[in-house]
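Structure record follows, encoded as structure tokens.
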Amino acid sequence: MFTGIVEELGTVVAIEDRGSDARLRVHGALVTSDAHLGDSIAVDGVCLTVSELPGDGTFAADVMPESLRRTALGGLVPGARVNLERALAVGGRYGGHVVQGHVDGVGTILRRDPGERWDEVEIAVPPPLARYVAEKGSIAVSGVSLTVTHVGDESFGVSLIPTTLEHTTLGGLVVGSPVNLEVDVLAKYAERLLTAVAR
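Numbering (the working numbering), first residue to last: 123 to 321.
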């Protein structure tokens, strides 16, 4: 489990296309400093399992077909910056919200309105996910825990504070950029329970 509080901006070193799946190699000195094989690291909000740790500040992870279908990881290129977060340690600070690293779909940056020290951003949401997005609710955008400022029929808005702009990839995204979206898992469970009761 993660909290959506990005610990480090990593850099994609290589992506090995293996046909239906891929192997991703990322440099992240902080997240690899205490990592072990089999640990979970969120890369742009996608929970990946560490499969190699060569000891040079990089790690490798296998990206399965499901992750390539549902996320924007397949579009990464060497040199791309990515948001990195280690799994939450027991007793650690819980600064964001419940983030599983199970991305639900890909959104698109529709608009950026810069403020004095912040940006207002509008993001298109895939129609099947729109019902889970609520004003003042939580959403993970490329692994960053954000509060929804407003909701439209096919999009939602967020405000990016200076820390988010400086320390995550969201500061450099432009109109048209894809972003990984993970909606609040509590909303999905509530819907599932209510559907089961109605049957």
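Every residue gets a Cβ at the ideal spot worked out from N, C-alpha and C, and that includes glycine. From a predicted model like this one, the values you see are computed outputs, not experimental measurements.
Would residue i and residue j qualify as a contact pair, given that the criterion is a beta-carbon distance under 7 Å?
{"i": "arginine 208", "j": "isoleucine 163", "result": "yes"}
{"i": "glycine 227", "j": "leucine 303", "result": "yes"}
{"i": "threonine 125", "j": "leucine 206", "result": "no"}
{"i": "valine 266", "j": "valine 255", "result": "no"}
{"i": "leucine 308", "j": "aspartate 241", "result": "no"}
Look at the alpha carbon of residue i and the alpha carbon of residue j, and state the distance between them as a whole number of angstroms.
{"i": "threonine 133", "j": "arginine 253", "result": "33 Å"}
{"i": "glycine 218", "j": "glutamate 138", "result": "32 Å"}
{"i": "arginine 140", "j": "valine 168", "result": "19 Å"}
{"i": "glutamate 313", "j": "threonine 290", "result": "31 Å"}
{"i": "valine 221", "j": "threonine 230", "result": "20 Å"}
{"i": "glutamate 246", "j": "serine 142", "result": "At residue 246 the sequence reads alanine, which differs from the glutamate that was named. Cα-Cα distance, rounded: 27 Å."}
{"i": "lysine 272", "j": "glutamate 244", "result": "With the sequence shown as reference, residue 272 is identified as histidine, and lysine is not the correct amino acid for it. Approximately 9 Å between the Cα atoms of the pair."}
{"i": "glutamate 288", "j": "alanine 318", "result": "44 Å"}
{"i": "isoleucine 127", "j": "methionine 186", "result": "24 Å"}
{"i": "glycine 298", "j": "tyrosine 311", "result": "31 Å"}
{"i": "glutamate 276", "j": "leucine 232", "result": "11 Å"}
{"i": "glycine 259", "j": "arginine 239", "result": "23 Å"}
Going by Cα to Cα distance, which pick from the options is closest to residue i?
{"i": "arginine 234", "options": "Glu304, Val153, Val296, Asp161", "result": "Val296"}
{"i": "proline 249", "options": "Glu238, Glu257, Phe278", "result": "Phe278"}
{"i": "phenylalanine 181", "options": "Gly150, Gly294, Thr286", "result": "Gly150"}
{"i": "aspartate 184", "options": "Pro200, Gly177, Gly201, Val165", "result": "Val165"}
Since residue i contacts residue j with CB under 8 Å, what's their CB separation in whole angstroms?
{"i": "arginine 203", "j": "leucine 131", "result": "5 Å"}
{"i": "threonine 154", "j": "leucine 175", "result": "6 Å"}
{"i": "glutamate 129", "j": "leucine 159", "result": "That pair is no contact at about 19 Å."}
{"i": "leucine 292", "j": "threonine 286", "result": "6 Å"}
{"i": "valine 148", "j": "proline 200", "result": "Wrong, their Cβ atoms sit about 10 Å apart, outside the cutoff."}
{"i": "glycine 197", "j": "alanine 144", "result": "The Cβ separation is near 11 Å, so there is no contact."}
Along the chain, where does the alpha helix (DSSP H) that runs through residue i open and close?
{"i": "arginine 192", "result": "187 to 192"}
{"i": "proline 284", "result": "284 to 289"}
{"i": "lysine 236", "result": "As written in the sequence, residue 236 is proline, which differs from the lysine given in the question. Run containing proline 236: none in the alpha helix (DSSP H); it sits in the beta strand (DSSP E), 227 to 236."}
{"i": "threonine 154", "result": "151 to 154"}
Starting from residue i, trace the beta strand (DSSP E) in both directions and tell me its first and last residue.
{"i": "proline 300", "result": "300 to 305"}
{"i": "alanine 164", "result": "162 to 165"}
{"i": "leucine 268", "result": "266 to 273"}
{"i": "leucine 198", "result": "First-last for leucine 198: undefined, no H or E at that position."}
{"i": "alanine 246", "result": "241 to 246"}
Establish whether the CB of residue i and some CB of chain B are separated by less than 7 Å.
{"i": "glutamate 238", "result": "Absent from the structure: chain B. Only one protein chain is present."}
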